[in-house]
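Okay, so here's the structure we're looking at.
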Amino acid sequence: MKNILVGQSGGPTAVINASLYGVIRAGMERQEQIGHIYGMVHGIEGFLQGRCMDLGKELSKEELELLKITPAAYLGSCRYMLPEDLSAPIYPTIFERLKALEIGCLFYIGGNDSMDTVSKLSRYGKSIGSEIRFIGIPKTVDNDLVETDHTPGYGSAAKYVAGTVREIVLDASVYHKESVTIVELMGRHAGWLTAASVLARKQEGDDPVLIYLPEAAFDMETFASDLKRALAKRSCVVVCVSEGIHDASGRFICEYGDQAQVDGFGHKMLTGCGKVLEHFVRERLGVKVRSVELNVSQRCSGMLMSATDLAEAEMAGRKGVAAALEGETGVMIAFRRAERGPYGTDYVTVDVDQICNREKVFPTEWIGGQGNDIGQGFIDYVQPLIAGEVVRPMADGVPVYLYRER
């Protein structure tokens, strides 16, 4: 028997722990092949610091079931990039630690940068003849991983966006006075999450009237014209924008204000385009205007978790264990949607090198209007992903989640 190791990386989601649950449960069910089930505390960065826990021993049956519906990242996450140079000394260190724990397979739950980690570890392992297998379990609310129909975490985040924007629309419409409400949503280069705001409409032409994604160049003058036309038809206008909207030159709208900072991966930390647009509308149109940034609440709200998303996230973890036991390595579990009939998903493995450092952008054929609306094609795509409600334990009026001492 070999032990297995699982870690979580990148931004949290509502269902990343369901994938962790899937790995743990599948490991427990294969006790003739799998020994200990270890968890990295704070991903590969924590593992390098010797921070691990024995999940099979430290979680009771009741805690394990609670883990499944707990949002965020139970093991803790990190944003840690391994060197491009596979001759760097960090790689022998990692493999020495894996050997010491008698690890037969490492599962990494995460998004694009996490799949990059899986790629580097599997390639280094191959170069030294290691038998350790490396499997990527997809996770991202951005829905921007290629070679998969969608990603765990997206359905729940889309459901949250749809429900929250609908409530914002109701709030904004209580007064007759002319007003504009701008809602800023996550989405650096891909507008999948912002597009979900179209589901907040109760009927055609309803708010949010205008929706802007990074896939279409944003022009301030065109935006002003769009708003004037909308305000001519209604006193209240709600606008949804991705944080990464940019002009034709590629300059982010948030950079029209303060300069965007850079994170540890060299990505610009995009926030504030809503405020930039708020000031623009106030000065140009002279109407009452406010901006709302949903920020981190949109990515891991457990109360609006999608039952479909939860089930698929768990299955992704289970399929990862199955793939490893079948001898696969250097792959990610991907989703294939049934082409005909009712909604269904097949789970396949894809070479992780085809996935890392690439982004799946929102299809331009699903962008309607003059780059300011979302078409029916996307609505048909996303509705099955947000379907179903999750029953959860409550205490004193609030949800019960599993916490780990930090």
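Residue numbers for the sequence shown follow my numbering, so the first one is 40 and each next one is one higher.
Beta carbons are placed, not taken as given, at the ideal position from N, Cα and C, and that holds for glycine.
Predicted model only: the values in this text are computed from it and were never measured.
Review point. What are the uninterrupted segments assigned as alpha helix (DSSP H) that are 4 or more residues long and contained completely in the stretch 61-91, given in chain order?
Key: Here the runs fully enclosed are 82-87.
Exercise for review: Could you check what DSSP says for D155 in three-state terms: helix, strand or coil?
Suggested key: Residue 155 sits at position 116 when you count from the first residue of the sequence shown. Note: D155 maps to helix in three-state DSSP.
Check your understanding: What separation, rounded to the nearest whole angstrom, lies between the Cα atoms of E322 and L316?
Key -> Taking the sequence shown and counting its residues from 1, one reaches residue 322 at position 283. Taking the sequence shown and counting its residues from 1, one reaches residue 316 at position 277. Our two residues, E322 and L316, have alpha carbons roughly 10 Å apart in a direct line.
Exercise for review: With a 10 Å radius around its C-beta and 16 neighbouring C-beta atoms as the bar for buried, classify N151 as buried or exposed.
Suggested key: Reading the sequence shown from its first residue, position 112 is the one you call residue 151. The residue in question, N151, is buried, as its Cβ has 16 or more Cβ neighbours within 10 Å.
Exercise for review: Say whether the stretch 147-167 touches the stretch 364-373, bearing in mind that this needs 3 or more beta-carbon pairs closer than 8 Å, one atom from each stretch.
Suggested key: Three or more beta-carbon pairs drawn from the stretch 147-167 and the stretch 364-373 are found closer than 8 Å, and the two stretches are therefore classed as touching.
Exercise for review: Just tell me which of D181, C312, L364 has its CA closest to the CA of Y193.
Suggested key: To locate residue 193, count along the sequence shown from 1; it is residue 154. Checked all of D181, C312, L364; the closest Cα to Y193 is D181.
Exercise for review: Assuming G50 contacts R443 (C-beta within less than 8 Å), just tell me the rounded distance between them.
Suggested key: By one-based count along the sequence shown, residue 50 stands at place 11. By one-based count along the sequence shown, residue 443 stands at place 404. About 18 Å separates the two Cβ atoms, so there is no contact after all.
Exercise for review: Spell out a yes or no on whether the stretch 248-255 and the stretch 277-289 are touching, meaning 3 or more CB-CB pairs, one atom from each, closer than 8 Å.
Suggested key: They touch, by the three-pair rule.
Check your understanding: When the Cα atoms are used, what is the spatial distance from N411 to Y251?
Key -> Counted from its first residue, the sequence shown places residue 411 at position 372. Counted from its first residue, the sequence shown places residue 251 at position 212. Going by the C-alpha atoms only, they are around 5 Å apart.
Exercise for review: Using three-state DSSP, classify I167 as helix, strand or coil.
Suggested key: For the purposes of this step, residue 167 is identified with residue 128 of the sequence shown, where counting begins at 1. Looking at I167 - three-state DSSP - the assignment turns out to be coil, as it is neither helix nor strand.
Check your understanding: What are the boundary residues of the alpha helix (DSSP H) that I292 is part of?
Key -> Reading the sequence shown from its first residue, position 253 is the one you call residue 292. Element bounds for I292: n/a, residue is neither H nor E.
**Study point:** Sub-9 Å separation of A269 and V237 beta-carbons
**Key:** Position 230 of the sequence shown, counted from the start, is the residue given in the question as residue 269. Position 198 of the sequence shown, counted from the start, is the residue given in the question as residue 237. In terms of Cβ geometry, A269 and V237 do not form a close pair [threshold 9 Å].
Check your understanding: Taking the continuous beta strand (DSSP E) assigned at K178, which residues delimit it?
Key -> Within the sequence shown, numbered from 1, the residue matching residue 178 stands at position 139. Counting along the chain, K178 sits inside no beta strand (DSSP E), nor does DSSP assign it H or E at all.
Point to revise | N- and C-terminal bounds of the alpha helix (DSSP H) containing F319 | key: Mapped onto the sequence shown, residue 319 falls at position 280. Unbroken alpha helix (DSSP H) run through F319: 312-324.
Exercise for review: Give the straight-line distance between the Cα atoms of S212 and I418, rounded to the nearest whole angstrom.
Suggested key: Translated into the one-based positions of the sequence shown, residue 212 becomes position 173. Translated into the one-based positions of the sequence shown, residue 418 becomes position 379. The C-alpha of S212 lies about 24 Å from the C-alpha of I418.
Practice item. Whole angstroms is fine: what's the gap from L343's alpha carbon to L103's? Key: Here residue 343 refers to the residue found at position 304 of the sequence shown. Here residue 103 refers to the residue found at position 64 of the sequence shown. Cα to Cα, the separation comes out at about 21 Å.
Practice item. Using 10 angstroms around the beta-carbon of M40, count the other beta-carbons present and answer buried if the total reaches 16, otherwise exposed. Key: Along the sequence shown, read from residue 1 onward, the residue named residue 40 stands at position 1. Exposed, because fewer than 16 other Cβ atoms sit within 10 Å of the Cβ of M40.
Practice item. Name the two residues that bound the continuous alpha helix (DSSP H) containing S195. Key: Position 156 of the sequence shown, counted from the first residue, corresponds to residue 195. 193-211 is the span of the alpha helix (DSSP H), which, as asked, contains S195.
Exercise for review: Please list, in chain order, all residues of the same chain as P438 whose beta carbon is under 7 Å from its beta carbon, the five residues on each side excluded.
Suggested key: Sequence index remark: in the sequence shown, residue 438 carries index 399 (1-based). Excluding positions up to five away in sequence, the list reads G341, M342, R431.
Review point. Terminal residues of the continuous alpha helix (DSSP H) containing L44?
Key: The count along the sequence shown starts at 1 and reaches residue 44 at position 5. Looking at the DSSP string, L44 is not in any alpha helix (DSSP H); the run it does join, the beta strand (DSSP E), is 41-47.
Exercise for review: Leaving aside the five residues before and after A263 along the sequence, list all residues of the same chain whose C-beta is less than 6 Å from its C-beta, in chain order.
Suggested key: Residue mapping note: residue 263 aligns to position 224 of the sequence shown, counting from 1. The beta carbon of A263 lies closer than 6 Å to those of R323 in the same chain, with the five residues before and after it left out.
Exercise for review: May I ask you to report which of helix, strand or coil DSSP gives I55?
Suggested key: The sequence position of residue 55 within the sequence shown is 16, counting from 1. If DSSP states are grouped into helix, strand and coil, I55 belongs with the helices.
Review point. Looking only at DSSP bridge pairs, what is T220 linked to?
Key: Here residue 220 refers to the residue found at position 181 of the sequence shown. Answer by DSSP bridge pairing, in chain order: V277, R329.
Practice item. Kindly indicate which three-state DSSP category Y130 falls into: helix, strand or coil? Key: Here residue 130 refers to the residue found at position 91 when the sequence shown is read from its first residue. DSSP places Y130 in helix when its eight states are reduced to three.
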